[in-house]
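Reviewing the structure listed below.
Numbering (the working numbering), first residue to last: 11 to 94.
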């Protein structure tokens, strides 16, 4: 399946300054998107995982604290990778 360009850049003037804006092609794409078996299975797995996360998040007393723990964990891991 060959996908062409996803859009074009148009030059326009904003506040007296020339800028380039990306204008995507209209949807749906041509050729139409086909979900092969492995893609469909991946999509179903991701949807199931999001549903589970949504269900568990309803049981949390403080969602912000839960998210903070994961943001902090990611920041610590990134720092370890960078060696700081």
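All C-beta atoms in this analysis are idealised placements derived from N, C-alpha and C, irrespective of residue type, glycine included.
Return the residue from the list 16, 76 and 66 that minimises the CA-CA distance to residue 38. It is 16 whose Cα lies nearest to the Cα of residue 38.
According to DSSP, is residue 17 part of a helix, a strand, or is it coil? Of the three classes helix, strand and coil, the one that applies to residue 17 here is strand, per DSSP.
Inside the segment 35-80 only - alpha helix (DSSP H) runs reaching at least 4 residues: Along the segment 35-80, the alpha helix (DSSP H) occurs as fully enclosed runs of 4 or more residues at 47-67, listed in sequence order.
Cα separation between residue 35 and residue 77? Straight across, the Cα-Cα distance linking residue 35 with residue 77 is about 36 Å.
Name the DSSP beta bridge partners of residue 86, please? None, per the DSSP bridge assignment.
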